[in-house]
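Each remark here refers to the structure printed beneath this line.
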Amino acid sequence: MAVAFDEMNGLGGDLRPAYQELSRWLKETPPDALEYRRQEAELLFRRIGITFAVYGEADAQERLIPFDVIPRIMSGKEWTLLEKGLKQRVKALNMFLRDIYHGRDILRANIIPDDLIFQNPVFRPEMNGQDVPHDVYVHIAGIDIIRVDADNFIVLEDNARTPSGVSYMLENREIMMRLFPDLFARHRVAPVEKYPDELLSALRSVAPLSASAEPTVALMTPGVYNSAYYEHSFLADKLGIELVEGRDLIVKNDEVFMRTTEGLKRVDVIYRRVDDDFLDPLTFRPDSALGVPGLMSAYAAGNITLANAVGTGIADDKAVYSYMPDIVKFYLSEEPILKNVPTWRCREPKDLAYVLDNLADLVVKEVHGSGGYGMLIGPAATKATIEAFRDKLKREPEGFIAQPTLALSTCPTCTASGLAPRHVDLRPFVLTGRDHVTIVPGGLTRVALKEGSLVVNSSQGGGTKDTWILDE
Amino acid sequence: MLSRTAENLYWLARYVERAEYLARTIDATLRVTALPAAYIGKTNEWDSALLTAGVSASFYEAYSEANEQNVVEYLAFSPSNPSSIKNCIEAARLNSRSVRTALTSEMWDTINSAWIELQEVWGKGTSSREELAKFLRFVQETSLRFDGSAYRTMLRNDAYWFSRLGLHLERADNTARILDVKYHVLLPEEEHVGGPLDYYQWTSILRSVSALTAYHWVYRETLKPWLIADLLILNDTLPRSLASCYSNLVRNLDQIGVAYGRQGAAQRHARGVRNRLEHSHMDDIFQHGVHEFIQEFIADNARLGEIITKQYLI
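Structure follows, in structure tokens:
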């Protein structure tokens with residue numbers, strides 16, 4: 256694996272301009288002062304109750320995501336490029352979804368094989384021919400970005416279903432401003448606090464035609480036991496909208512209402528943080544108690560906007576991901592600004608053969624997996640794990656893709672033995688409303704706290720950092 | 169607001185109030201039982217504590233003897249007692265989590281910090297009287313902080329009123345339960361009136377509703393059982409009296425009625441109970457039977473809870 260690019264010191268150890276002030280500050284600040292602030296930050300997180308749950312761990316029902324107090328910094332110029340690339344990509348994602356559920360030009364042009372769509376469990380036939388307001392499918396996208404050198408941002412993954420983490424972006428900033436006012440005074444950091452406002456106006460802008468002039472928006476959560484529940488309540492609070500569960504909603508005459516202390520009240524837009532499968536037991540999983548019976552028929556009648564739309568999973572599927580550069584070119588007739596990680600599709604025999612021969616050097620991911628579960632990191636895996644994975648791969652090759660192990664960039668991070676470089680990625684949040692696409696400058700930086708580790712997922716021991724975009 | 173949100177706020181307030189009441193009950197019982205046997209007579213005060221907490225039957229399913237250790241464990245820490253202090257705080261935290269958006273950050277912080285302390289400091293219960301006293305103080309302070317932060321930081325809208333309804337309904341229930349269990353020591357025709365035995369029973373009752381000092385300010389008299397009953401039932405200057413609870417319940421329900429533009433069964437029922445309290449005199453109550461009066465009140469109060477639930481919370 257190549258040597259990682261360090262965002263503070265580059266490859267050759269030359270301090271990069273965006274980090275000059277931070278580097279000076281770090282030299283002035285005694286290590287125990289940093290440690291003290293770190294503890295203070297942890298206390299704040301716990302008191303505010305910013306926790307997440309890890310499924311399958313009985314004793315860890317609520318845990319804190321470790322927070323690293325050293326900010327990750329990007330220059331305004333870097334951000335401008337990234338922002339342009341993100342807007343382009345999300346625009347293409349929305350056009351792709353509209354096409355897949357309507358005319359299917361892209362299939363007829365033989366850019367993507369039919370069976371990749373129609374055999375795909377996240378493809379929703381219920382959405383065929385269904386119009387969604389203003390053709391927006393992905394209102395909120397979380398695009399995972401990595402960088403490998405000074406010039407290139409690469410998309411690792413598109414999250415077009417119910418991406419989470421934005422509360423950390425906002426809370427990390429709050430806590431940093433509380434703990435390090437002096438450091439902020441020495442930088443011009445672009446603010447992120449407009450996110451809730453931007454999200455609300457994006458959601459209101461896509462209300463159905465039958466909504467009143469002041470559409471009612473609600474955030475739908477699976478409930479307190481969901482791993483991202485804190486975020487759901489945090490966002491509902493910041494947006495000033497009701498946080499509803501399935502049992503709070505009822506469908507009558509194809510309209511959606513919430514049960515309130517004053518009787519039923521119509522809901523126009525649902526920012527749902529519930530997966531497709533659990534939205535409506537009449538259409539999807541009949542055993543699910545999380546959803547609302549009849550919600551899909553209200554949706555089909557055009558009386559409710561769901562954000563994100565149903566069926567967007569087909570756009571963030573890891574096999575479809577490998578076609579993203581072609582998708583951008585097809586719909587926008589532009590060269591993609593953001594690159595993809597080279598990807599082998601195990602469903603194609605030639606690619607599979609290569610992957611099987613090189614398992615020890617590759618990262619193999621489940622096509623429908625997320626959260627870092629069920630993946631193989633070849634270089635870090637034991638022989639036995641690799642062999643077990645090989646069998647799985649042979650049995651169901653279409654369920655996997657493989658990518659080279661990339662040297663994710665590193666950032667200085669507090670560790671038990673002082674500051675040390677740790678690998679990071681970035682998840683900016685892209686909002687699409689009726690008329691425009693907006694991105695708050697920054698995003699969620701996730702950091703792999705273990706030395707050498709490339710897995711940044713919170714469920715696998717990753718932490719977070721505040722992300723600073725310098726306003727130059 | 170969402171019915172579920174209102175329901176959670178209502179129960180959140182009830183759980184916190186109940187936790188405090190249980191802490192006061194244990195505290196008061198500890199004081200009485202610390203007295204020499206001659207002062208307390210033959211009644212088992214720990215049994216009374218279970219009765220006033222309304223968990224006597226379930227207690228005897230798990231334990232055979234109502235002594236200090238067993239009762240304190242059951243009332244304060246037992247996971248199998250659904251209304252133990254520990255479970256009340258757990259339930260309050262769970263309710264808070266589901267309605268975080270309706271709570272102010274001060275209220276959330278109070279409950280969340282209490283929940284963290286419950287696990288980190290009190291996870292194994294208490295091993296001495298000193299520790300227990302500290303624990304009981306912690307519970308009472310949590311309730312004070314919660315109540316105070318609700319009062320000082322919440323918007324005066326339906327969220328506040330539903331939370332207050334839970335508080336006053338629970339409080340009325342608690343005061344009525346003490347009276348229900350202890351009414352016999354308050355009867356004027358009781359033989360040992362004024363004996364040392366009764367005196368400590370009386371202070372114990374007043375202590376469990378934090379009204380010992382208040383008594384002296386209101387009546388400027390030595391303890392008289394009928395005055396104690398008067399204070400706890402009819403005197404609406406005492407925040408834990410039945411009369412005061414119902415003044416508040418009526419007011420909060422009226423505020424909801426005005427905000428929503430309509431009244432209903434809950435408003436009518438609460439006004440009915442309040443009017444009865446307003447027009448009662450202690451003499452009449454004693455004449456017709458304190459016990460019957462209290463029993464009827466407990467039933468009426470429970471009925472109000474059901475009506476509120478039906479009218480607003482589901």
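Protein chains in written order, with the working numbering: chain A, 256 to 727; chain B, 169 to 482. In this text, a Cβ means the ideal position worked out from N, Cα and C, and glycines have one as well.
Chain-order list of residues whose beta-carbon lies under 8 Å from that of B/S171 (same chain, five-residue window excluded): Y480, L481 and I482
Closer than 7 Å to chain A by CB, B/S171: yes
As assigned by DSSP and simplified to three states, the class of A/Y526: strand
Cβ-based burial, B/V458 [other Cβ within 10 Å; buried from 16]: buried
Option nearest A/V710 by Cα separation, candidates A/T660, A/P696, A/D726 and A/V695: A/T660
Residue-chain proximity (B/N255, chain A), Cβ-Cβ < 7 Å: no
Completely contained alpha helix (DSSP H) runs for the region 383-435 of chain A, where each covers 4 or more residues: 421-434
Neighbouring residues, chain B, relative to A/V499 (Cβ below 9 Å): L170 and R172
Bounding residues of the beta strand (DSSP E) (the contiguous stretch that carries A/I724): G717 to I724
Sub-7 Å separation of A/L455 and A/L494 beta-carbons: yes
Distance, A/K342 Cα to A/A396 Cα: 10 Å
Status (buried if at least 16 other CB within 10 Å, exposed otherwise) for B/R305: exposed
Integer Cβ distance of A/A415 from A/L348, believed to fall under 8 Å: 6 Å
Under 9 Å (Cβ pairs) to chain A, residues found in the region 326-347 of chain B: D326 and F330
Inter-residue spacing [alpha-carbon to alpha-carbon] between B/D215 and B/R320: 38 Å
For B/E288: DSSP bridge partner residues: Paired residue(s): none; B/E288 is not in a bridge.
Chain-ordered neighbours of A/V511 on chain B, where CB pairs are closer than 9 Å: The premise fails here: A/V511 is roughly 14 Å from chain B at the closest Cβ pair, so nothing lies under 9 Å.
Interface flag, A/G633 vs chain B, CB-CB below 7 Å: no
Chain B contacts from the region 681-695 of chain A (Cβ-Cβ distance under 7 Å): none
Against chain B: residues of the region 459-480 of chain A by CB proximity under 7 Å: V479
Min CB distance B/T269 to chain A below 7 Å: yes
Secondary structure of A/K620, DSSP reduced to three states: strand
Three-way DSSP call (helix, strand, coil) for B/K210 in this model: coil
Backbone secondary structure at A/L325 - three-state DSSP: In the sequence as presented, Leu is not what sits at residue 325 of chain A; that position holds Ile. A/I325: strand per DSSP, three-state reduction.
For B/A427, the first and last residue of its enclosing alpha helix (DSSP H): L410 to Y428
Cutoff 7 Å: B/S317 Cβ touching any chain A Cβ: no
Listed by chain order, chain B residues near A/G304 by CB distance under 8 Å: R265, R268, W276 and N280
CB contact below 7 Å: A/L354 versus chain B: Sequence inspection shows Asp at residue 354 of chain A; the Leu mentioned does not correspond to that position. No, because no Cβ of chain B sits closer than 7 Å to the Cβ of A/D354.
Identity of the residues DSSP links to A/W599 by a beta bridge: A/A657
Reference A/Y274; option with closest CA among A/M263, A/D572 and A/I361: A/M263
Inter-residue Cα distance where the pair is A/Y515 and A/I569: Per the sequence presented here, residue 515 of chain A reads as Thr, with Tyr not at that position. So the alpha carbons of these two residues sit roughly 35 Å apart.
CB-CB length for B/T211 against B/I346, believed under 8 Å: That belief does not hold up - the Cβ atoms of B/T211 and B/I346 are roughly 14 Å apart, past 8 Å.
B/E188 burial status per 10 Å Cβ neighbour count (16 or more: buried): buried
Under 7 Å from the C-beta of A/S488: neighbouring residues of chain B: R268 and T269
Chain-ordered residues of the region 421-454 of chain B with a beta carbon less than 7 Å from chain A: Y428
Extent of the continuous beta strand (DSSP E) run through A/D532: Looking at the DSSP string, A/D532 is not in any beta strand (DSSP E), and its letter there is neither H nor E.
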